[in-house]
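Chemist:
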Amino acid sequence: TIRERILDIAGIRITCSFVSDAYWVADMLASQPDVEVVRRKDYIAEPKANGYRSLHLIVRIPVFLSDRTEHVPVEVQIRTIAMDFWASVEHKLSYKYHGALPEDLRTELLDAAVTGAELDARMGRL
Numbered sequence: 001t002i003r004e005r006i007l008d009i010a011g012i013r014i015t016c017s018f019v020s021d022a023y024w025v026a027d028m029l030a031s032q033p034d035v036e037v038v039r040r041k042d043y044i045a046e047p048k049a050n051g052y053r054s055l056h057l058i059v060r061i062p063v064f065l066s067d068r069t070e071h072v073p074v075e076v077q078i079r080t081i082a083m084d085f086w087a088s089v090e091h092k093l094s095y096k097y098h099g100a101l102p103e104d105l106r107t108e109l110l111d112a113a114v115t116g117a118e119l120d121a122r123m124g125r126l
């Protein structure tokens with residue numbers, strides 16, 4: 001059925017100043033009694049090959065209807081400002097090149113992702 005195949009009927013992105021805030025938000029969500037964490041993918045600790053970093057949760061939350069309560073899957077992406085900026089630029093470039101980024105751009109983006117991670121770490125030490 002569609003309910004078994006679609007894991008996120010809605011989505012939300014939360015942008016934080018610090019990496020520690022991203023984990024704090026995820027823990028806070030997971031501790032809510034009416035929120036069930038279905039899946040967690042930590043691309044901050046283990047970035048994707050292209051450099052993408054973010055914390056993804058699929059959560060099931062109650063939606064109260066007039067005659068019943070439905071539990072709806074929602075994707076929550078939690079990232080820092082630096083991660084969000086990188087992801088936004090990477091997304092725009094991917095569309096510009098129809099998903100076939102030239103190798104030099106892929107290398108530059110990966111380097112920029114590393115620089116963004118270094119900036120996040122530096123800001124986290126303040």
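If you're matching positions, the sequence shown starts at 1 in full-length UniProt numbering and goes up one per residue.
We put the beta carbon where it would ideally sit given N, CA and C, even for glycine.
Return the bridge partner residues of Leu57 from the DSSP annotation.
Modeler: Answer is Arg40 and Val76, bridged to Leu57.
Chemist: From this set, Ser88, Gly11, Asp84 and Lys48, which residue's C-alpha is nearest Phe18's C-alpha?
Modeler: Considering only alpha carbons, the answer is Asp84.
Chemist: Buried or exposed: Thr80, going by 16 or more other Cβ atoms within 10 Å of its Cβ?
Modeler: Flag for Thr80 reads buried.
Chemist: In three-state DSSP terms, what is Phe85?
Modeler: Helix at Phe85.
Chemist: Drop a sphere of 10 angstroms on the beta-carbon of Ser31, count the other beta-carbons inside from all chains shown, and report buried for 16 or more, exposed for fewer.
Modeler: Result: exposed.
Chemist: In the DSSP output, what is His71 paired with across the bridge?
Modeler: In DSSP, His71 forms a bridge with Pro62.
Chemist: Residues in the same chain with beta-carbon distance under 7 Å from Glu75, minus the five sequence neighbours each way, listed in chain order, please.
Modeler: These residues qualify, in order along the chain: Asp8, Gly11, His56 and Ile58.
Chemist: In the DSSP assignment, what are the bridge partners of Ile14?
Modeler: Note: Ile14 sits in a beta bridge opposite Ile78.
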